[in-house]
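Accompanying notes for the structure given below.
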Amino acid sequence: MTESQKHTTVAMVGNPVSDKGRGARIGAQVFDMLTEAGRHHGFDVIDLTGNSFDDSLAKVRGRMNDYDHLVVVGGDGMIALGANAVGSSGKPLGIVATGSGNDFARGLSLPVNKIPTAVEGIVGAIVRGSYIDVDMGRVTALPGFVAADPTTGKELADGGINGDRYYAGMLSCGLDASINDRANHSRLPGGSLRYFAAVLVEVAHLKRYGYHIRATLADGTIEEHDLITPMVTVANSRHIGGGLEVSPYSRFDDGLLDLIWIDHMPGPLEIADAISKAYNGKLLASRIFGWKRVRAVEITRAAAGDEPPVLMADGEYIGRLPVAVRACDRSLRVLVPPAVVGWHERARGEQAVLDAIRRDGRDPITGAFV
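Read in order, the letters of the sequence shown are residues 2 to 371 in my numbering.
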């Protein structure tokens, strides 16, 4: 029996408060398109959009038994909502990427800011049962953690969801978090332009943040040391900031995360070289970056160094250190057209990534330059 022959319910959640009401209009458009497709293919559609991130998440979680697929409409923050709603449940997630960054969708080669194409692909995937299972990261608060409101970044007395949550893209712990924060408050048009402008400002004022890292590597061994560095990132996907490839070696289905940091305080020429490589998949060929694959990592404050900024994941604020992070192997099921399944296997497979690592002069096991 195919999906179109079974009675199926699709839940949709949008972001009505985004972009001065544009999010509400797009959400209504997607709901109408899904409803019309449902009449033809025999599935029902329900709207579980709340009036905030936490309200929508509570609604989607509270009605888990009422739907078979979840469709989120918006940017990476909405994907984070969907990941935290249906992660590890086996319920497929459909993505209509209409945000300013759309980095997770970009990494999966899904349509970006092409609403009819995205909805058509989701409907086709529902009908055909076409999906891929991808990894996620999971952030857990350690004693002393201070949570932040996911939208504003304001510190919260109650840890809530931010004290234990999934993320699909990247956990930003330093420079990348401050760049994201600055871009969030920018009035420039377009997500990529805001992010690029924020990069230029923040790299001109680098700080020496203090971290203590306890990492479980891919082979199970443990490394523990202090890092005094402008940036630490724990990546599941490749992109951030509307196309900047901070983690070009990331794979969605290897059961690992990529730990990336700035190895030393870079000079102006090193910064310029890194920025020039940031949009062509060769950022980690720059020798200012360290890189290792990890199964898990604990990040706490070091005795030395500046206080790191509020952590961010998938464009949403998390809170302040300390945290534990672990890879969750193929724990998110994403609806994708059959053609994307084939592309993902070819272009993002193990061999393609190994070729890129060797091209950049690194050892694929240790992460060191050779």
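Using N, Cα and C, we set each Cβ at its ideal position, and we do this for glycine too.
| field | Ser332 to Arg139 span [Cα, whole Å] | value | What you label residue 332 is simply residue 331 of the sequence shown in a count that begins at 1. What you label residue 139 is simply residue 138 of the sequence shown in a count that begins at 1. Looking at the two C-alpha atoms, the distance is approximately 10 Å.
| message | Need the endpoints of the beta strand (DSSP E) that Leu333 sits in, please. | response | On the sequence shown, position 332 is the one that residue 333 refers to. Per DSSP, Leu333 belongs to the beta strand (DSSP E) from Val324 to Leu336.
| field | Every unbroken alpha helix (DSSP H) within the segment 247-315, with a cutoff of 4 residues, ordered by chain | value | Within the segment 247-315, the complete alpha helix (DSSP H) runs of at least 4 residues are 269-278.
| query | Expressed to the nearest angstrom, what Euclidean distance is found between the alpha-carbon atoms of Ser287 and Asp69? | reply | As a first step, residue 287 must be located in the sequence shown, where it is residue number 286. As a first step, residue 69 must be located in the sequence shown, where it is residue number 68. Their backbone Cα atoms lie some 45 Å apart in a straight line.
| Reference Lys208; option with closest CA among Gly343, Ser179 and Pro190 | The residue labelled residue 208 in the question sits at position 207 within the sequence shown. Among Gly343, Ser179 and Pro190, the Cα nearest to that of Lys208 is on Ser179.
| Can you list, in chain order, the stretches of the beta strand (DSSP E) that have 3 or more residues and sit fully within the segment 82-154? | Runs found: 94-98 and 132-142.
| request: Could you say which of Gln30, Ile27, Arg23 and Leu35 lies nearest to Ala12 if we only look at CA atoms? | output: For this step, residue 12 is matched to residue 11 along the sequence shown. Measuring C-alpha to C-alpha distances from Ala12 to each of Gln30, Ile27, Arg23 and Leu35 identifies Leu35 as the nearest.
| task | Please look up how many angstroms separate the CB atoms of Val402 and Ser131, rounded, as I've assumed it's under 8 Å. | result | Shown here, the chain extends from 2 to 371; a query on residue 402 therefore has no answer.
| said: Just to confirm before moving on: does the CB-CB distance between Val73 and Met79 stay below 8 Å? | reply: Numbered from 1 along the sequence shown, position 72 holds the residue referred to as residue 73. Numbered from 1 along the sequence shown, position 78 holds the residue referred to as residue 79. Yes, the pair counts as a contact, with Cβ atoms nearer than the cut-off.
| Going along the chain, which residues of its own chain have a beta-carbon closer than 7 Å to the beta-carbon of Asp150, five neighbours each way excluded? | Walking along the sequence shown from the start, residue 150 turns up at place 149. Once the five neighbours on either side are set aside, the close Cβ partners of Asp150 are Leu157 and Tyr318.
| request: For my contact list, Val235 and Leu258 are in at a C-beta cut-off of 8 Å; report their separation, rounded to the angstrom. | output: The residue labelled residue 235 in the question sits at position 234 within the sequence shown. The residue labelled residue 258 in the question sits at position 257 within the sequence shown. So it is a contact: roughly 5 Å between Cβ atoms.
| field | Cβ shell of Ala169 (< 7 Å), same chain only, five flanking positions each side left out | value | For this step, residue 169 is matched to residue 168 along the sequence shown. Cβ neighbours of Ala169 beyond the five flanking positions: Ile80, Ala81, Ala84, Phe105, Met137, Asn237, Ser238, Asp315 and Leu333.
| said: Since Val326 and Ala303 should fall inside the 8 Å C-beta cutoff, what is the C-beta to C-beta distance between them, to a whole number of angstroms? | reply: Locating residue 326 in the sequence shown gives position 325, where the first residue counts as 1. Locating residue 303 in the sequence shown gives position 302, where the first residue counts as 1. Taking the Cβ atoms as the reference, Val326 lies roughly 17 Å from Ala303, outside the contact range of under 8 Å.
| Are the Cβ atoms of Lys60 and Leu49 separated by less than 8 Å? | In the sequence shown, counting from the first residue as 1, residue 60 sits at position 59. In the sequence shown, counting from the first residue as 1, residue 49 sits at position 48. Yes, the Cβ-Cβ distance between Lys60 and Leu49 is below 8 Å.
| Through-space distance from Ser193 to Ala98, alpha-carbon basis | Looking up residue 98 in the sequence shown gives position 97. Looking up residue 193 in the sequence shown gives position 192. Roughly 15 Å between the two C-alpha positions.
| query | Does DSSP put Asp165 in a helix, in a strand, or in coil? | reply | Within the sequence shown, numbered from 1, the residue matching residue 165 stands at position 164. Under the three-state reduction of DSSP output, Asp165 falls in the strand class.
| message | Quick check on this structure: which residue in Ala328, Gly51 and Pro309 has the alpha carbon closest to the alpha carbon of Arg321? | response | Taking the sequence shown and counting its residues from 1, one reaches residue 321 at position 320. Looking from the CA of Arg321, the closest CA among Ala328, Gly51 and Pro309 belongs to Pro309.
| First and last residue of the uninterrupted beta strand (DSSP E) at Met13 | As a working mapping, residue 13 is identified with position 12 in the sequence shown. Its beta strand (DSSP E) spans residues Thr9 to Val14.
| request: State the Cα-Cα distance for the pair Gly125 and Ala340, rounded to the nearest angstrom. | output: Working through the sequence shown from its first residue, we reach residue 125 at position 124. Working through the sequence shown from its first residue, we reach residue 340 at position 339. Distance between the alpha carbons of Gly125 and Ala340 is about 11 Å.
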